[in-house]
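Heads up: the sequence shown is residues 68 to 636, going by this note's numbering.
For each residue, glycine too, the CB sits at the ideal point set by N, CA and C.
Below you'll find the structure, written out as structure tokens, and then a few comments.
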Amino acid sequence: MLNTILKQLQLLKDQELYSNMCKVCELALTLADQKPDIFHLPVKLQITVYYADACFHTQKYVQAEALYRQGLQMRKNYVMKSKNASNKLDNQTAVLSDTDIKYQIYLCCMALKQKNAACEILQMILARHRTPKVNMALGNIYKEVGQERAAITCFKEVLRECPMSLEAVENLLKMGVKGIEVNSLMLQVTSEITWLNQWIKAQAQLNVKDFAGAIKTYKNMDMYGLLKDNTALLVSMAHCYHYMCDDAKAISILQKCLRLDPNLVNGRDLLSTLLAASGTKEHIRALEAMTPTMDMSAWSAEHWVVLGNYMYALKKYDKAAYFGQQACLLDRRNIEALLLKANTLLQIKKYSDAATHCTEALQLCNYRHDIHKCCVESYIQSNRIREAESVAVNACNQMNFSAQAYCLHASVLLKDPMASSRTVRKILEKAVAQDKTGVTNALPMLVEFLESEQQYGPASHLLLKHIETHKPSSRLHQLLGDCFVNLQKDDEAFHHYTLALKLDPTNQRATEGLNNIGRSLSLSKRDSYYTCVGGETTYNSQVTNSSDPDVDVESVDPWQRDIESFDEC
């Protein structure tokens with residue numbers, strides 16, 4: 068009878084009929100309690116472990132954990148009573164080893180979110196008995212609680228036995244282990260797999276914040292014959308672009324990943340964050356297309372973040388905060404979920420809570436500009452200028468003193484009445500020097516600061532020098548026009564306001580500036596301007612709008628009188 072029961076249980080397990088196993092084991096264990104003389108301890112242990120396995124696979128984690136612990140105690144009692152019993156039990160392939168039972172208890176504890184209990188059960192396994200999966204699990208727990216030295220030891224042990232454990236490689240590099248040392252643990256495979264050295268190099272560059280170098284290495288791998296159109300590689304490249312504040316390229320690459328793999332999970336949340344931050348109609352439509360359509364029970368944290376960012380883009384902040392919270396419940400270490408909640412709390416004026424979430428996100432990734440920016444804004448809105456400046460200074464250190472970091476620092480100092488003008492100007496000049504491509508607000512910020520100091524000459528000189536070497540924007544031409552107005556150079560001001568409106572007809576400040584110098588310009592210049600902007604001379608100037616309090620209606624009359632005099636002649 069015993070052999071038949073055990074044989075049938077093994078058959079049910081092989082066929083993955085776990086719900087049937089539960090019923091059989093429950094009956095068999097009741098029978099074992101009634102007939103202890105027939106169901107000896109090793110047999111009862113075997114049935115108990117079968118029962119625990121069945122409960123685990125049917126997601127009855129509380130019951131499974133209890134049964135595994137019961138089986139562990141039975142094994143311990145049997146070893147104590149019988150000499151060499153441990154070797155006999157280990158030789159029975161149908162029964163899990165002591166290490167495997169403890170690992171199963173760990174899985175149950177993790178499913179029940181009991182991380183302390185999970186760590187304790189793994190630590191009970193002697194170091195010489197720890198398998199790669201045990202070391203990997205312990206390493207992840209140690210890393211999460213900040214015990215990096217112990218985590219590094221565990222991950223190195225994993226690599227020694229399984230050199231292709233790429234997640235262990237990533238974790239070691241993130242914790243500061245040099246790429247050369249990691250490579251030395253993988254010589255068994257790196258000598259035969261040529262692209263693996265390149266992959267390790269790219270990951271090492273990413274983790275030492277050499278984002279430009281990492282992008283170059285990734286591009287060398289993104290070739291036919293190697294890893295062309297690999298979504299994991301492209302997502303890592305997109306992260307590098309985002310860390311360099313080149314969000315347009317990051318969005319383009321992530322959208323390509325989504326086309327290659329419509330079910331993409333890793334990187335989906337970052338793409339939704341960038342689309343929501345952009346806020347253009349095209350990007351909001353793309354964000355709407357990304358919202359999950361599957362059953363809600365199958366959603367991961369990334370799916371909740373996508374939906375939350377879509378609500379944020381639609382300015383439905385209460386819903387966005389709720390969906391962000393759902394994402395945090397599934398994965399507390401999801402940076403995009405924390406940032407979503409922080410941005411949402413900032414919009415609904417819960418500044419202290421927003422700063423708390425930003426701080427938590429910065430502990431996970433301290434070199435992202437958008438997180439620093441949200442944190443700074445939260446402190447500024449709370450009138451906590453000193454804390455805001457501290458975050459901005461830290462951003463400069465963590466972001467390799469990039470132009471974006473300098474701009475963030477300057478924006479804080481501009482809010483600080485105690486900050487000296489000399490310090491603000493020095494930081495903005497550093498930002499302009501760092502911004503080789505002109506993609507940041509460094510130059511406009513410096514020019515507006517100089518204008519506030521009534522230094523129109525140096526401001527116009529900076530703008531003219533920049534326009535000579537870079538593609539000018541509507542805003543820069545408008546700022547140059549403002550400088551020339553204050554320098555009483557109306558012809559030059561008119562020229563640059565005109566160029567500003569050619570590049571962006573909706574530039575309101577350029578329109579207002581042009582109206583303010585309209586009195587001193589000839590009618591022919593005005594007509595030529597209307598023609599070049601709109602293609603016709605029916606431009607509705609704001610000068611003739613009597614509802615504008617800044618307009619002197621009488622100043623327009625001489626033009627009309629000149630035309631009437633001409634008609635009379």
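Linking D120 to K417 through their CA atoms gives a straight-line distance of about 47 Å. Taking the C-beta atoms as reference points, H424 is found no nearer than 9 Å to M466. Separation of S478 and Y446 (C-alpha to C-alpha, rounded to the nearest whole angstrom) is 12 Å. The alpha-carbon of L337 is positioned some 33 Å away from that of F123. Under the three-state reduction of DSSP output, I320 falls in the helix class. Residue burial annotation: L396 is exposed, with fewer than 16 other C-beta atoms found within 10 angstroms of its C-beta. Boundaries of the alpha helix (DSSP H) harbouring M378: 368-380, taken from the DSSP string. Going by C-alpha positions, K383 is about 9 Å away from T411. Taking a cut-off of 8 Å on C-beta distances, the region 209-224 touches the region 240-251, as three or more cross pairs fall below it. Taking the Cα positions, A365 is about 55 Å away from S519.
Counting only runs of 4+ residues, the alpha helix (DSSP H) found wholly inside the region 316-360 occupies 335-345, 348-357, in chain order. In terms of CA proximity to K180, Y128 leads the group T97, V443, Y128, C221.
For the 9 Å CB-CB criterion, V443 and A462 form a contact.
G138 counts as buried, since no fewer than 16 other beta carbons sit within 10 angstroms of its beta carbon.
DSSP, read as helix, strand or coil, puts R195 in helix. In terms of CA proximity to D328, M357 leads the group M357, N70, A343, A472. Within the same chain, and ignoring the five residues on either side of K200 in sequence, the residues whose Cβ sits closer than 7 Å to its Cβ are Y170. Across the set F561, I282, M311, the C-alpha of M311 shows the shortest separation from the C-alpha of Y434. Contact annotation: R335 and V373 have beta-carbon atoms nearer than 9 Å. Here the alpha carbons of T115 and I172 stand approximately 14 Å from one another.
Within the same chain, Cβ atoms closer than 7 Å to the Cβ of A178 are found at Y128, the five residues on either side in sequence being excluded.
If you draw a straight line from the Cα of N144 to the Cα of H107, it is about 13 Å long. Relative to the Cα of S339, the nearest Cα in the group Y379, C441, M290, S457 belongs to Y379. Per DSSP, T125 lies in no alpha helix (DSSP H) segment and is marked neither H nor E. A check of alpha carbon separations from A344 across T166, L495, I438, A218 identifies I438 as the nearest.
Going by DSSP, H107 is part of no alpha helix (DSSP H) at all; its letter is neither H nor E. Under the 8 Å Cβ criterion, the region 533-548 counts as touching the region 567-587, having at least three qualifying pairs. When C-alpha distances from S487 are compared across T504, V506, F516, the shortest belongs to F516. Cβ-Cβ separation between G505 and H537: approximately 5 Å, consistent with a contact (criterion under 8 Å). Within the region 523-561, the complete alpha helix (DSSP H) segments of 4 residues or longer fall at 523-536, 541-553, listed in chain order. Using a Cβ distance threshold of 9 Å, Q448 and L480 do not count as a contacting pair. It is roughly 37 Å from the alpha-carbon of N401 to the alpha-carbon of D81.
When only Cα atoms are considered, Y291 and T257 end up about 20 Å apart.
Taking a 10 Å sphere around the C-beta of M203, we find 16 or more other C-beta atoms and assign the residue as buried.
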